[in-house]
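K.L.:
Mapping of the sequence shown onto the working numbering: position 256 corresponds to residue 258, and the numbering continues sequentially without gaps.
Backbone N, C-alpha and C fix where the C-beta goes; we use that ideal spot for every residue, glycine too.
The structure displayed is predicted, hence computed values, not measured ones.
What follows is a structure written as structure tokens; I'll ask about it next.
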Amino acid sequence: MRGDMWLVPIGQKLLYWGATGAITLLGTFIALTLLQMLVAYVRKWKQMKDIPSIETAYPLVGHTLYMKSDSQEFFEQITYYTEEYRHEPLLKLWIGPVPMVALYQADNVEALLSSSKQIDKSYMYKFLEPWLGLGLLTSTGNKWRSRRKMLTPTFHFTILEEFLDVMNEQANVLVNKLEKHVDQEAFNCFLDITLCALDIICETAMGKNIGAQANDDSEYVRSVFRMTDIIFRRIKMPWLWLDLWYLLFKEGREHKRSLKILHDFTDKVIEERAREMKENEAQKDGDMNPKNTKRQAFLDLLLNTTDEDGNALSHQDIREEVDTFMFEGHDTTATAMNWIIYLLGSYPEAQRKVHNELDEVFGKSDRPVTVDDLKKLKYLDCVIKESLRLFPSVPFFARTLNSDCCIAGYKIPKGTEAVVLPYALHRDPKHFPDPEDFQPERFFPENAQGRHPYAYVPFSAGPRNCIGDPQNLPKTLQMEAIQFPSMMLVDYPCFTSI
Numbered sequence: 003m004r005g006d007m008w009l010v011p012i013g014q015k016l017l018y019w020g021a022t023g024a025i026t027l028l029g030t031f032i033a034l035t036l037l038q039m040l041v042a043y044v045r046k047w048k049q050m051k052d053i054p055s056i057e058t059a060y061p062l063v064g065h066t067l068y069m070k071s072d073s074q075e076f077f078e079q080i081t082y083y084t085e086e087y088r089h090e091p092l093l094k095l096w097i098g099p100v101p102m103v104a105l106y107q108a109d110n111v112e113a114l115l116s117s118s119k120q121i122d123k124s125y126m127y128k129f130l131e132p133w134l135g136l137g138l139l140t141s142t143g144n145k146w147r148s149r150r151k152m153l154t155p156t157f158h159f160t161i162l163e164e165f166l167d168v169m170n171e172q173a174n175v176l177v178n179k180l181e182k183h184v185d186q187e188a189f190n191c192f193l194d195i196t197l198c199a200l201d202i203i204c205e206t207a208m209g210k211n212i213g214a215q216a217n218d219d220s221e222y223v224r225s226v227f228r229m230t231d232i233i234f235r236r237i238k239m240p241w242l243w244l245d246l247w248y249l250l251f252k253e254g255r256e257h258k259r260s261l262k263i264l265h266d267f268t269d270k271v272i273e274e275r276a277r278e279m280k281e282n283e284a285q286k287d288g289d290m291n292p293k294n295t296k297r298q299a300f301l302d303l304l305l306n307t308t309d310e311d312g313n314a315l316s317h318q319d320i321r322e323e324v325d326t327f328m329f330e331g332h333d334t335t336a337t338a339m340n341w342i343i344y345l346l347g348s349y350p351e352a353q354r355k356v357h358n359e360l361d362e363v364f365g366k367s368d369r370p371v372t373v374d375d376l377k378k379l380k381y382l383d384c385v386i387k388e389s390l391r392l393f394p395s396v397p398f399f400a401r402t403l404n405s406d407c408c409i410a411g412y413k414i415p416k417g418t419e420a421v422v423l424p425y426a427l428h429r430d431p432k433h434f435p436d437p438e439d440f441q442p443e444r445f446f447p448e449n450a451q452g453r454h455p456y457a458y459v460p461f462s463a464g465p466r467n468c469i470g471d472p473q474n475l476p477k478t479l480q481m482e483a484i485q486f487p488s489m490m491l492v493d494y495p496c497f498t499s500i
């Protein structure tokens, strides 16, 4: 044993030099990576030098020092810039070392959204992935194309007719709640309307009545609201972007808890419905009346959907799409309905016209709304569209350019964040004179004729437009859908796959 002691110093030296070499190699790799990133950054800086911009950007931090930290103030700031630089075709901003171009003119918005190549979502969408996975909203490339093609038939327009009963039922619950405030002091109706939208979306998406309006204290309802708020707070805090680091904070642990509640609920509903469908099939095979003949929810359609090769969606795939539908459907629809009510309250003349139209269709009756009724609500349709013009449910959305492209004569390099701002786009006086005025008449057929197709994009446009857009339907159904777009915009979930 003692004769082997001379090996110890050699082993220690080998260990030392091995560790030193590994550290040196790692340091060299990191240095080269940082150098490569720096070279790419400098190249982009030079390439984008001539693109119109706001105040001077500083190296690496860009315009961050000018940006407001509060989300509402930040949005107001961006809105101010778009109005200040309305005469420019686009606007460049550096968010730290990341370049961004803001698009708010119809021609330039069309150049981006009409592209079948530029469909990659912004880096910021990755914060939705823990909840929504890689569903229709967050996926890209071949997966998105395959999923979009597979799911489009499940958004057949006539499915709305099956759920009018649900919408009427939940609308009556909402009206009864609101009636308690008649002749009382002003109040905030946002939560009441949001819970109504959540009830409708949950039953249409999952076939599950969660009774959110009756019990807004349910664990699932609280988690939906909490998760939405957590995600947007995280986006504003770059120091919480790293997942492992995020879990060290109270916010990260709260995110994990809410995520488990949401996924457990969806998993349970999927398993229950899949089991019911198998039992019904077994009953049919035995020449018995199936015990469950209820209308088909989005979940039911997903359970029966197959790809081109006849492969069914996995449990994970189904959960991704159901959760995506829940997230996008309730929030955007509730936002739209709240703004519509606000604007009708602010413009008594428009409210009077809507009231008269409703009286013409329903008279003194309080019967449920039918599809034929909706076709007759022409002015209400214009009110909805004008409300979405002024206050689009999604005020901005972004793409990460996957290749160099040319917009408005400027070369925009790969990796740039291209942000479409419908809030500013819809206020372009070139297409909407007196843009701040609420004028539903803008959307009368004779007044909308000839308007740029990308001047009004509340549900996006191009390949990644809203999957419920009438333009996605077979030609034979498009005219029928166009006859009652009010139903498309409010009663149907605002599922903007942007």
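Decide if Leu390 is buried, meaning its Cβ has at least 16 other Cβ atoms within 10 Å, or exposed.
P.N.:
Flag for Leu390 reads buried.
K.L.:
Please report the straight-line C-alpha distance between Glu323 and Ser462, rounded to a whole angstrom.
P.N.:
The alpha-carbon atoms of Glu323 and Ser462 are separated by roughly 19 angstroms.
K.L.:
With DSSP collapsed to three states, give me the class of Ser462.
P.N.:
Looking at Ser462 - three-state DSSP - the assignment turns out to be strand.
K.L.:
Ala338 lies in the alpha helix (DSSP H); which residues open and close that run?
P.N.:
Where Ala338 is concerned, the enclosing alpha helix (DSSP H) stretches over 317-348.
K.L.:
Assign Leu250 to one of three DSSP states: helix, strand, or coil.
P.N.:
Here Leu250 sits in coil by DSSP.
K.L.:
Let me know the secondary structure DSSP gives Leu303 once reduced to three states.
P.N.:
If DSSP states are grouped into helix, strand and coil, Leu303 belongs with the helices.
K.L.:
In angstroms, rounded to a whole number, what distance separates the CA positions of Ser116 and Pro465?
P.N.:
If you take the alpha carbons of Ser116 and Pro465, they lie about 7 angstroms apart.
K.L.:
Looking only at C-alpha atoms, which of Glu419, Ala426, Glu443, Tyr425 sits nearest to Cys384?
P.N.:
Nearest of Glu419, Ala426, Glu443, Tyr425 to Cys384, Cα basis: Glu443.
K.L.:
Does the stretch 128-136 come into contact with the stretch 215-235, if we say contact requires no fewer than three beta-carbon pairs (one atom in each stretch) closer than 8 angstroms?
P.N.:
Judged by Cβ distances under 8 angstroms, the stretch 128-136 makes contact with the stretch 215-235, as three or more pairs qualify.
K.L.:
Closest by CA to Leu153, which one among His265, Ala410, Asp266, Asp319?
P.N.:
For the residues His265, Ala410, Asp266, Asp319, the minimum Cα distance to Leu153 belongs to Asp319.
K.L.:
What do you get for Met328, buried or exposed, if any count of 16 or more other CB atoms within 10 angstroms of its CB means buried?
P.N.:
By the 10 Å Cβ count, Met328 comes out buried.
K.L.:
Can you tell which of Ser141, Lys262, Asp122 has its C-alpha closest to the C-alpha of Val421?
P.N.:
Answer by Cα proximity: Asp122.
K.L.:
Look up Ile56 in the DSSP assignment and say whether it is helix, strand or coil.
P.N.:
Three-state DSSP puts Ile56 in coil, outside helix and strand.
K.L.:
Please go through the same chain and pick out, in chain order, the residues whose beta-carbon is closer than 7 angstroms to the beta-carbon of Trp19, but skip the five residues on each side of it.
P.N.:
Hits under 7 angstroms: none found.
K.L.:
Let me know if His65 comes out buried or exposed under the rule of 16 or more other beta-carbons within 10 Å of its beta-carbon.
P.N.:
Result: buried.
K.L.:
What number of angstroms, rounded off, separates the C-alpha of Ile414 from the C-alpha of Asp245?
P.N.:
C-alpha separation (whole angstroms): 30 angstroms.
K.L.:
Residues in its own chain within less than 7 angstroms of Ser118 by CB, not counting five upstream and five downstream?
P.N.:
Within the same chain, Ser118 has close Cβ partners Pro465.
K.L.:
Smallest Cα separation from Glu330: which of Thr58, Ile469, Glu78?
P.N.:
For the residues Thr58, Ile469, Glu78, the minimum Cα distance to Glu330 belongs to Ile469.
K.L.:
If you reduce the DSSP assignment to three classes, tell me which class Trp96 lands in.
P.N.:
Residue state, collapsed to three classes: strand.
K.L.:
Anyone know if the C-beta pair for Met50 and Glu419 falls short of 7 angstroms?
P.N.:
Taking 7 angstroms as the Cβ cut-off, Met50 and Glu419 do not qualify as a contacting pair.
K.L.:
Rounded to whole angstroms, what's the CA-CA distance from Arg321 to Lys258? Just pull it up for me.
P.N.:
For Arg321 and Lys258, the distance between alpha carbons rounds to 17 angstroms.
K.L.:
Given a cut-off of 7 angstroms on the beta-carbon distance, is the pair Tyr528 and Phe440 in contact?
P.N.:
The structure shown does not extend to residue 528, since the chain spans only 3 to 500, so no value can be given for it.
K.L.:
Classify Lys46: buried if its beta carbon has 16 or more other beta carbons within 10 angstroms, exposed otherwise.
P.N.:
Burial call: buried.
K.L.:
Going by the DSSP bridge assignment, what does Leu379 pair with across the sheet?
P.N.:
Leu379 is not bridged to any residue.
K.L.:
Beta strand (DSSP E) containing Cys408: first to last residue?
P.N.:
Cys408 -> beta strand (DSSP E) spans 407-409.
K.L.:
Between the alpha carbons of Ala199 and Leu301, how many angstroms are there, rounded?
P.N.:
Distance between the alpha carbons of Ala199 and Leu301 is about 17 angstroms.
K.L.:
Could you spell out where the beta strand (DSSP E) holding Tyr412 opens and where it closes?
P.N.:
Tyr412 -> beta strand (DSSP E) spans 412-414.
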